[in-house]
Every structure is written in C-alpha cells, then in structure tokens.
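What follows is one structure encoded as structure tokens, with my remarks underneath.
There are 4 protein chains.
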Amino acid sequence: MLPENKRTLKNWQYELHEIIYESGTFKGKLFDVCLLIAICLSVVVVMLDSVPGIHQKYGNLLYSFEWFFTILFTIEYILRLICIRKPMAYAVSSIGIIDLVAIVPTYISFFVVGSQYLLVVRALRLLRIFRIFKLWHFMDESRFLISAIYASLRKISIFMLFVIILTIIIGSLMYLIEGGENGFTSIPQSIYWAVVTITTVGYGDISPATAVGKLLATMLMLCGYAIIAVPTGIVTTEMAFRNRNKLGEKRVCGNCNKEGHEVDAKYCKFCGSEL
Amino acid sequence: MLPENKRTLKNWQYELHEIIYESGTFKGKLFDVCLLIAICLSVVVVMLDSVPGIHQKYGNLLYSFEWFFTILFTIEYILRLICIRKPMAYAVSSIGIIDLVAIVPTYISFFVVGSQYLLVVRALRLLRIFRIFKLWHFMDESRFLISAIYASLRKISIFMLFVIILTIIIGSLMYLIEGGENGFTSIPQSIYWAVVTITTVGYGDISPATAVGKLLATMLMLCGYAIIAVPTGIVTTEMAFRNRNKLGEKRVCGNCNKEGHEVDAKYCKFCGSEL
Amino acid sequence: MLPENKRTLKNWQYELHEIIYESGTFKGKLFDVCLLIAICLSVVVVMLDSVPGIHQKYGNLLYSFEWFFTILFTIEYILRLICIRKPMAYAVSSIGIIDLVAIVPTYISFFVVGSQYLLVVRALRLLRIFRIFKLWHFMDESRFLISAIYASLRKISIFMLFVIILTIIIGSLMYLIEGGENGFTSIPQSIYWAVVTITTVGYGDISPATAVGKLLATMLMLCGYAIIAVPTGIVTTEMAFRNRNKLGEKRVCGNCNKEGHEVDAKYCKFCGSEL
Amino acid sequence: MLPENKRTLKNWQYELHEIIYESGTFKGKLFDVCLLIAICLSVVVVMLDSVPGIHQKYGNLLYSFEWFFTILFTIEYILRLICIRKPMAYAVSSIGIIDLVAIVPTYISFFVVGSQYLLVVRALRLLRIFRIFKLWHFMDESRFLISAIYASLRKISIFMLFVIILTIIIGSLMYLIEGGENGFTSIPQSIYWAVVTITTVGYGDISPATAVGKLLATMLMLCGYAIIAVPTGIVTTEMAFRNRNKLGEKRVCGNCNKEGHEVDAKYCKFCGSEL
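Note that the protein sequences, when read in sequence, are chains A, B, C and D. Residue numbering for the first sequence follows UniProt numbering, beginning at 1 and increasing consecutively. Residue numbering for the second sequence follows UniProt numbering, beginning at 1 and increasing consecutively. Residue numbering for the third sequence follows UniProt numbering, beginning at 1 and increasing consecutively. Residue numbering for the fourth sequence follows UniProt numbering, beginning at 1 and increasing consecutively.
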C-alpha cells in the first residue's frame, strides 16, 4: 500500500501475482477454485446464522467461522495489494472496493456494539459473492450478454418510464374506486398493487373487491400481458444484431487486415480491395 | 389567448419562447429541468397526502404545497399561451390539453365543496406527469419504440380478441364447474379469474377447489404460458425489421446503386468503389 | 336445407346472399355490424343474468332478452341456409356448426326442466361470440398469425410434453417432501401446484412450508423463468421467417413472372434470367 | 445379459428386435403404441393411489395394477436385453437406466416394509414416463429444440448466476428491512421470497408489509419484468441462427460456389447458372 503508483515487482511478488491474479498455472487455478469455495461457504454461514433455530444451537460455531473467513479474506486482500504493480489502481477499482467491503463489516461489528447494526453488517457481507464475477468477467458469453443489455438500456429505460407513469395513474384510479376498506389505503399502496399486477407477480395481499375495480384490474393485466413483449423485443433485436455482426467478424480483408465484413460482401468496406 | 391563430412575436415574447419551448440555450435547459422537478414534487405531494398518517400530521402543509404548484403551473400555462405564434393550436394539442387538465382540478376543488369529489381531483392531477413526455418525445429510441408498437397494434388487437373470447368461454365453464361456494359467484367474476390466470398474475383471491376445476385451470395456465409467445413474437419481428431497415437504407453506392452498407463502411461492399 | 347440394339462386336469394354473406355493399356492412352488436349484447345478457343481485331484480327482463336474441339468431340461421348455393356445406362447416350451437341451447332449456342443466346451456350460448371470427378471418394479419402459430404447433407440443413430464416428477417429489398437512394432499394436487408454479401464476392456495420444499420450489421457479423463453423463441423465429419471405414476394422476375426472390438475388432462381 | 458385448442375433431375436426397437413394421408400431398406453396407465394408477379417498376405496385394485404393470415392464426389459446385439451398451445407456429404474422400485417395496419408504418408491416410478421420449427423440423438431437449448445453456447459466446473486442480496436486505414478524424469518426464507417475486410467481405466502419493503419489492418486480427478456433473447437468437443456417447451408452453386440458396431455387441467384 505504498504511495508510489507503479513499482517494479520482486521475484516472489511476481510469483504471487501469477497465483492470485492469473489462472494460467495449476497453482493459480487451485487458488481461484479454493477462493470461490471459501466465498460460497462464508455466504452459507451468514445465511444459516440468520435462521433462528440454527442460530440458537450453533451460533458460537458460526460466529467462529465468520471470523475465520473474514481473516482469510483480509490476508488475501493484503496479498493482492502487495503483489501488484499499481496497488492504488486495484484498491479504487470496482473489484478492489468489493473486496474491501466484503471484509470491513465484520471488523465494524467488533468495535460497535449493538445487535441491530450487526444485522446490517451481515447483509453487506453477502456482497463478497460478487468476487465470483471475476471468474466469468472475461468469458465471451458474458461480454456478449453485457454489451447487448447495455445497448438495450436506453430503450428499456423509456419503456420503464412509461410503465411507472401507467402504474401511478392506474394506482390513483384504483385508490378512488376501491378505497381504504379493500386494502387500497393510500396512493403509494395502490401504486404498489399496480406494479404487482402489471408485472404479473400477483401476491394477492391486496386485490380489487368492487366490480369496477375488477374491470380496471382486468384491463391492467391484459395490458401487462401485452407490453411484456416490448423489453423482450428490444433485447432480442439487440442480440440478433450482435450475433449477425459476430458472424461477419470472421472475414478479414487481405489488404487492410480489418474485420467485420458482412457475409455477402465482395469488397472490403474499409479499403475497397477485393476480399 | 387572442382569437387570431397566427401572430408575429415581439422581442420579449421571442426570448420567452426560446426559454419555455426550446431547450437549446442554457436558460431553456434550466427551465425544463426545473419544470420536471416541480412536476415530480407535485405528484409526490398528492401521493403523500393520500397516506392517512401523513395527511393527519402534515395535511395543511401539503395543501399549501398543492396550491403553490397549481399556481406555478398556471403561470407557466399562461406564459406558454402568450409567447407562441399559434396559441389556439397549442391549447387544442394533446400536450396543451394535458397542461390544462393538470391545473384545473385544484380550482374545481376550490368551488365545489365535498371531500369525495376532491379525491377524484387528486388523481386527475397526476396526469401532469405526462408533461415529462415532452422531453423524450423526440429522442430516437422512443420514436423507434412507438413506431414498432404502433405497427404491431393490429396484430396484437386480434390476439387480444382471441384471449378475451377464450377467457369468456373458460370463465363460463368454471362458473358451471365450481359454482358460487368456491368464489366463482357469477360469470363476470369467473372471467376476472380467467384473466388473472391466463395472464399468470394469480392473486389467489379466487382459486379452483374441485378436481375438474383444477384440471381446467391447469390447462388454461399451460395455454397462457404458451400464447404469451405470440405478442412477443409480433413485437420482436416488427423491431428486427425496423432495425435492419434503419441500418441499411441510409447509404447508397454511387457506382452500382446498391443499398445496405453499414455505418462504418467507406467502400461499396458490392463493387469496391468509394462511397 | 334441401338435399341437393348445389342449386341456382333466385334473384331475391342472390340479393339476400349479398347482404348476409358479403360485406361489399352498404347493406351488407350494416348487417354485419348489427349482427356483431346483437352477439355482444346477447353475451352481456347471459353474463348479467349470472350475477345473483341482477338476476333477482331483472331476471324476467333478461330472460325475455335471451329469447329475443335466440329467435333473432334462429331467423338469421334459416336465412343463411335459404340464400346459399350449398346449404349442406354451410351447415357442416365449422362456422355453420357454431351458428347452430349458439341457438340450440335456449330451445333445449325450454323442453328440459332443471336449473342445473340450464346453467350448462348458458355457457354454451357464449360460443356464439365466435361468429365474430368471420369478420377478421380474411384480414391479412390474422392469416399471418394463424399460419405462424400453426407452423410452431409441433415444436410447442414437444415443449409442452416436456413441461408436463417435469411437473409430474416435481409434483410427485413435492408430495413426498411436503405431505398432506401442507396442502399437498395427493400427487394430482401436487402436479396442479407444480403447474401453478412453473407457469408463474402462483395463486398461493398451496405453497411449500418445509425448507426442502421451498428449495425445490425455488429451483422449479427459476426453471420456469428460463424455459418460458422456448415457446417465445419458436414463435418469434417462425414469424421472422414468414416476414422475410413476405419481403421477397415483392420482386417479380421479368421472364417467368415468379415471385419470392430474396433481397440480394441478382438472377431469377426459377428460370435463371437476370432480375 | 451375457458378458460378451457384441453377439450375432438368431432369427427369432432379429424378429423381436424389429418389433421392440424398430417402428418400421406394423407389429413394431403396435408394440410402441401399446407400450406408451401402458406407461400412461401405470402413471395414472400411481397418481390415483395417492388420492386419500380413492386409496381407501380402490387401494387393493390399484396395488394389483401396480404389480401388473411392473411385471409387464420387467418382461419388456428382459426382452430388450435378449434381442439386442450389445446388451451391456443398452443397459448402461440413459434409456436403459431409465427402463430399469422404472421397474426396480416396486420390487424394493416388496422386500423393505415401511410405508414412508414406499412413498418415495412411487415417485421414482413416475420416471418411466421418460420412455415416451424414445418416440420423439428422432423427430426433426425435437433435435432442433434440444440443439438450440444446448447452445443457449452457457449464456443462460451466466444469466441465472446473476439472478441468484441478485436474489441473495435483495433477500438479505428484505430480511433486515421487514424482519421476522412480517414473515421474513431468515435470510434463506427471504431469498425464497425474492425468487418468488423476481420470477413473477408471487404466491403471497410472504409479502412485504413496511413502506420501505414495498418500495424495494416494487423495484425487484420491475427488474424481474425487464430481465425476463434476457433468456428469451438468447434462445430466440440461437433458434433464428439455426433456422437461417438450416435453410441456406444445404445448397451450393457449382459455378460461383456461393451458398444460401432457398429450397425452391433452380438457378443460382448470384450468377444465374443452373443449380
């Protein structure tokens, strides 16, 4: 954690880097697999500790495990800082911040006494599962998914805006039609019902009781049934477009070495020479 | 609000027009952002006022806010009429009507005394959020979405007609099978249940109790599961078609007159001549 | 309803045929619209009659309406038989059978006394709404939809078979895990629950109570969430394929006059001459 | 079940092979249809036996049927082993294992006395329905579906990983927000709720009661509504890709070596020479 941002690594640091950051060698792969197992186990420990029956019986044991994993991940975090050329760059990257956030809560629960805060701490600790992302972050499929979702985000946002406005208006109408005695106690509550209905979740904790309310609910459901097609259409179109392009990437121009030609192209679209 | 439909704007009117209707200048952008915030806040005020606990405590404060926003939007509406060349065209446009409808209810609540009517007024006021539409109405993505949905509308209507007929028949059958003692008290009620089921909402306020009723419900659910594919297929096909056209139609080769060149192409992919 | 299957129409029969079967003339259009309104009203009458409160008050009035519409549709059915060249072909066609089934129940309710049977009759009467199909049967969009669904039917059947087998196995497992005390009283009941869950309907009349049952339910839900993609994919692919072909239909070969050439075709694929 | 893995079949074995394994002859088809009916009936018997009312009345009869079908399938299994050239290859194949698993449970229930174990046996017996797969395993459509799903599996797994992580984090947050008194008694329980919500199942056995909890639930629902588009997009793209390839890959022009000719093409659409 030295202040200089770029440093030369010694031999043992380089070896450690190979193990911790890379997964090309056998040791590196072993480290990654062990880390993943440790993360999963630590999440399971937190989950089990929240079950009243198990907490009563094995609370102490689970508490020990919690500390064991926290110390393990702390050592891992320190080693990561030691064996990298730019420790600060890692510390401020999203991966580094998640790594830190995954160990800090247990230490905070040590200093601040108070059960209600401890509970918050447990939930935050679950974020350490995001470290799994590191493993598939570079896989081709995930990049394909992320880029397709990212490209659809703007269109889906507009769609979501429309859905939210629709639920506000329908929710307010239902508040007027049904009223408090049927569970529609306020406009926010009615909007919550409208979202539960349009997304086809349908808990049934609130449901219309009057004839007019049921008619409006029926229309909202049919509407939700039809407009679910919109985000699906957006993402599918984006993916299909990306897929078609991926097919074209295989053709390379012999003159300018650029990729991305379509299947029916005869001449390079960048330099004009025959393909 | 003068009767002549087209008039020449004075200098100050032209400046006001720039601020209120356009968003090219800094002042215009600032006005739009402030207006949006005011609309959101006014909707939140109406929502909070409907929550019994908050209404009791802060009812008077929220009532003041309601009047503050109403007067603000009234001034805005008058300014819009003043600084436009065709005030009547604005007043009768869908945007103008929504602007008016968003301010009128508070004034009506002033003259007509009666809490139950006041409630209706509050819900109508929420329509002012539609003014947000003005901001994204011209964005490329929303136009893409709207045109794709508009093109699918006829096909989706036919599909919806089929779904409605199916729910009427299945609903009537369930009324005969289950009867009033299991919640299926009338055919409209049973149709409501059929819509709740086929759209996969499933409140659970009414659910089949007899063996035959459960068998029919099972078939309806599997049917709903399969036919949700139809609107999705319609919208996706429409979007994919639009996407393909959008990409290819813009560029034409000057040599061979062929279309379908990608956005990053420099040379015609068919004849090799520069685009 | 004469036995000869083909006959020559007299002048008044030909005119009646124009009105009843065709919608090219003003009278024909008027007839179709009136018929549609009458069908909708007759369905509404049946629906309202099933609501206990309305039945008590307006039962006699609704009964009269029922008979009015039945006699109206009987006259229409007889006129259809009279003014067509092949009355038997119409009578045995799916449209003719629906037309008959839509009027017969009221007459049966006249001869057979017994309220429970009367109820069945009411539901069958609703089938008369299928007559609406006649109006849009020839529209381009509905033919597009029907042909796409018909082509997907075989693939969707296989998918449905898989879903049914999955629900049988998961349902049986849940019967063993949860047992009768949690609502899973028998395997058919558990299969009903599995269908309610995999189709994401989720009434909540039966829901898992044990930890293992909840784990299995969670897996089933995630499974249902993923496999809903399959019918959607099938229908979308079918529609997209149909759409692409429709685009190609516009190009006609100058030599052999055949249609159906793709967008990138240079030579006619049927006769080999340049397009 | 002789140890030699490949043997020459005698004449009667060859004839039996034709009937049991092939469906080209009339006898073979008859055997397949009868087997299918027997499997369906045996599954129905198991199902009915689990219904308390029916078990009490017809328990003995159903028990006899159970044994009848078990002996029938045992004979079938032995015949399959006798008339095949590589009996061991069949016995260890997935089809052979399912065939064995479908008969073994009844025999185990014979030796091991104990009603609770008997119940497990019944559920396993249902697996015999998988034998139906043999019939459509070779149909073109099912191969299309399986290959498309198989190709999407990796992308869908990544998506599912993301959904699971999201439900863990949201579930933990809801545990902290709502607490045990509203049904969110532990983190696993809250994760179960999160899955029920994001998959839009929505039983309603657990639903948020606090304002913050409802807000978070609303966001989770809208999220689930949007991301259901992802698996659909993946599968649709995969299917569309497969469909396009299937159509185009079969025919190659002998003159210009180009692919992509339609099924009904007689001449190359690129160079005009006969295909």
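Glycine included, every Cβ here is placed at the ideal spot set by N, Cα and C.
Item	Value
Is it a yes or a no for the stretch 13-21 of chain B touching the stretch 76-94 of chain B, going by three-plus beta-carbon pairs under 8 Å?	yes
Cβ closer than 7 Å: which chain D residues qualify as neighbours of C/S147?	Result: empty, since nearest Cβ-Cβ is about 16 Å, beyond 7 Å.
Alpha carbon to alpha carbon, how far is A/V45 from C/I170?	28 Å
Starting from C/D99 and walking both ways along the alpha helix (DSSP H), at which residues does that stretch end?	94-101
For the alpha helix (DSSP H) holding A/C34, just list the boundary residues, first then last.	26-50
Could you tell me which chain C residues have their CB closer than 8 Å to the CB of B/Y63, listed as they occur along the chain?	Here the premise fails: no neighbours, minimum Cβ distance about 39 Å.
Does the beta carbon of C/F144 sit closer than 9 Å to a beta carbon anywhere in chain D?	no
Among residues of its own chain, excluding the 5 on either side of A/I156, which ones have a beta-carbon nearer than 7 Å to its beta-carbon?	P231, I234
Cβ of A/C223 less than 9 Å from any chain C Cβ?	no
Whose Cβ in chain A lies nearer than 7 Å to the Cβ of C/G202?	G202
I need the boundaries of the alpha helix (DSSP H) containing A/G213, first residue and last residue.	211-227
In angstroms, rounded to a whole number, what distance separates the CA positions of A/V101 and A/E181?	45 Å
Which same chain residues, not among the five before or five after residue 299 of chain A, have their C-beta less than 6 Å away from its C-beta?	No answer is possible for residue 299 of chain A: the residues shown for chain A start at 1 and end at 275.
List the residues of chain D that B/T232 touches, going by C-beta distances under 8 Å, in chain order.	T232
Are the beta-carbon atoms belonging to A/A147 and B/Y203 less than 9 Å from one another?	The residue you asked about is not Ala; residue 147 of chain A is Ser in the sequence shown. Contact flag unset, no.
Going along chain B, which residues have a C-beta under 7 Å from A/T237?	T236, M239, A240, N243
Hey, how far is the Cα of C/D205 from the Cα of C/Y192?	11 Å
If the cut-off is 7 Å on Cβ atoms, which residues from the stretch 50-75 of chain A count as contacting chain D, listed in chain order?	S50, V51, P52
Tell me the DSSP secondary structure of C/E15 in three-state form.	helix
Measuring only between beta-carbons, confirm whether C/F31 sits less than 9 Å from chain D.	no
Here's the rule: buried if 16 or more other CB atoms are within 10 angstroms of the residue's CB, otherwise exposed. What is A/G213?	buried
Output, in chain order, the set of chain D residues within a Cβ distance shorter than 8 Å of A/V163.	L222, Y225
Do B/T199 and A/L222 have their C-beta atoms within less than 9 Å of each other?	yes
Within 10 angstroms of the Cβ of B/I53, are there 16 or more other Cβ atoms? Answer buried if so, exposed if not.	It should be pointed out that residue 53 of chain B corresponds to Gly in this sequence rather than to Ile. Exposed.
Is the distance from the Cβ of A/L161 to the Cβ of A/T197 below 9 Å?	no
I'd like to know if D/Q189 contacts chain C, where contact means its C-beta is closer than 9 Å to some C-beta of that chain.	yes
Within 8 Å: the Cβ of B/L145 and any heavy atom of the ligand ZN?	Absent from the structure shown: the ligand ZN. Ligands present: none.
Given a cut-off of 9 Å, decide if A/S64 and D/I187 are closer than it, judged by their beta-carbon atoms.	no
Return the CA-CA distance between A/S152 and D/Y77, expressed in angstroms with no decimal places.	54 Å
Please list, in chain order, the chain C residues whose beta carbon lies closer than 9 Å to that of B/Y21.	The contacting residues do not exist; B/Y21 stays about 39 Å from chain C at best.
B/I165: which of C/T8, C/C34, C/I39, C/D32 sits nearest, CA to CA?	C/I39
First and last residue of the alpha helix (DSSP H) that includes D/T197?	187-198
Which residues in the same chain have their Cβ closer than 6 Å to the Cβ of D/S42, if we skip the five residues on either side of it in sequence?	F69
How would you call A/F184, buried or exposed, if buried means at least 16 neighbouring beta carbons within 10 angstroms?	buried
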